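Scroll down for the structure; my scribbles are underneath it.
Protein chains: 2
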Amino acid sequence: MEHNLDHTLSLLARTPAALNALLRDLPETWTLRNEGENTWSPFVVVGHLISGERTDWMPRARMILQFGDSRPFEPFDRLGHVRETQGKSLGQLLDEFAGLRLANLRELRALNLRPEDLKRRGQHPSLGTVTLSQLLATWAAHDLTHLHQISRVMAHQYREAVGPWSRYLGVLQCHGHSAP
Amino acid sequence: MEHNLDHTLSLLARTPAALNALLRDLPETWTLRNEGENTWSPFVVVGHLISGERTDWMPRARMILQFGDSRPFEPFDRLGHVRETQGKSLGQLLDEFAGLRLANLRELRALNLRPEDLKRRGQHPSLGTVTLSQLLATWAAHDLTHLHQISRVMAHQYREAVGPWSRYLGVLQCHGHSAP
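Taken in order, these protein sequences are the chains called G and E.
Residue numbering for the first sequence follows the numbering used here, starting at 10 and increasing by one per position.
Residue numbering for the second sequence follows the numbering used here, starting at 10 and increasing by one per position.
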């Protein structure tokens, strides 16, 4: 399937409300536990999404439109969530994510991107040449990868509690597929 | 982690709103496409969740409380979604799921289950002896397995669109882990 900007916008606009409905005021058992050492809880994932809103998606889109592939993107700060989450509650993070996403989508819509703009190229520091279209599709798929992760991390907390049903629950067979 | 009924109820109560926020009025590209022959779209998954509300979770809980392990559960009808989805829109399914879940949780709360009730045993047609506690924990984990599936099915639609980023997106490395 080809990338469709309207479909991307539809999905990006819904993620904050979906995470809010799923996570707000849930017991911390679900939101603060992770899958073991050096893994992320849902709380940390929301911090990571905030970090992406600030430093990744729209800044990279602007770089492509301004500089094309003449300058590589800043590498994505995969520890940006540490700064974003310090001293905050999950409720604050959910609000912050929703606000940043709303502002970013407003800016993206205001660009009135035409099909030829979506073909413009940028330089990824390790992947090489990418297009604006691929960047925006990745933004949406990145939301889904973290929804996939959150559901897996939460299910992990009930691995023992479900008893013999564990073999029927696909999410408990998923061992994560993080980026290198 | 042990099973905690309050934590289970908290999660079960949120799933309908989370799916509603994610899926309602999304373009059909996201909601009606699947991962290929004999796989499920998000639309079908919501039908399957409705079928579980009607015929699986609370009926099995009632059987455990009434008959213990003297009578096996009815096998879960994994094609129940066909009947549930016929001629309906996704919006109708989301409403129906929310209504059924609300009624089921009301009934579950009204049972005022004590710790000793949660230890009561039932007979699963293929897994053998299970407890009421395991059944209720599985109900919650089953929501998560299908949220995990929905995010994977949706991300699959952008497998090509993300270009070289596909290797960084964990959800695109997940090949599903359905029950046999």
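The beta-carbon is built from N, C-alpha and C at its ideal position, and this holds for glycine as well.
Since the structure is predicted, the reported quantities are computational estimates derived from the model, not experimental observations.
- When C-alpha distances from G89(G) are compared across F106(G), D104(G), L58(G), the shortest belongs to L58(G).
- The three-state reading of DSSP puts P36(G) in coil, since its state is none of H, G, I, E or B.
- Here G45(G) carries a coil assignment [DSSP, helix/strand/coil].
- The three-state reading of DSSP puts H12(G) in coil, since its state is none of H, G, I, E or B.
- Within the DSSP bridge table, the entry for P81(G) names Q132(G) as partners.
- Residue-level contact check: M10(G) touches chain E, since one or more beta carbons of chain E fall below 8 Å from its beta carbon.
- The continuous alpha helix (DSSP H) containing G100(G) extends over residues 99-119.
- Across the set L120(E), G179(E), F52(E), the C-alpha of L120(E) shows the shortest separation from the C-alpha of L74(E).
- A distance below 8 Å between beta-carbons, with the five flanking residues on each side excluded, links M67(G) to the following residues of its chain, in chain order: N113, E116, L117.
- Going by DSSP, V162(G) is part of no beta strand (DSSP E) but of the alpha helix (DSSP H) stretching over 141-165.
- Interface flag for A170(E) against chain G is set, since a Cβ pair is found closer than 8 Å.
- Among the CB atoms of chain G, one or more fall inside 8 Å of the CB of R161(E).
- In this structure, DSSP gives G137(G) an extended state, which the three-state scheme calls strand.
- Taken through DSSP and simplified to helix, strand or coil, Q95(G) comes out as coil.
- Residues are counted here when their Cβ sits less than 7 Å from a Cβ of chain G; for the region 85-100 of chain E the count is zero.
- At least one CB atom of chain E sits nearer than 8 Å to the CB of A30(G).
- When Cβ-Cβ separations below 8 Å define contact, R23(E) makes contact with chain G.
- Per DSSP, the continuous alpha helix (DSSP H) segment holding A70(E) begins and ends at 66-76.
- DSSP places S50(G) in the coil class of the three-state scheme, outside both helix and strand.
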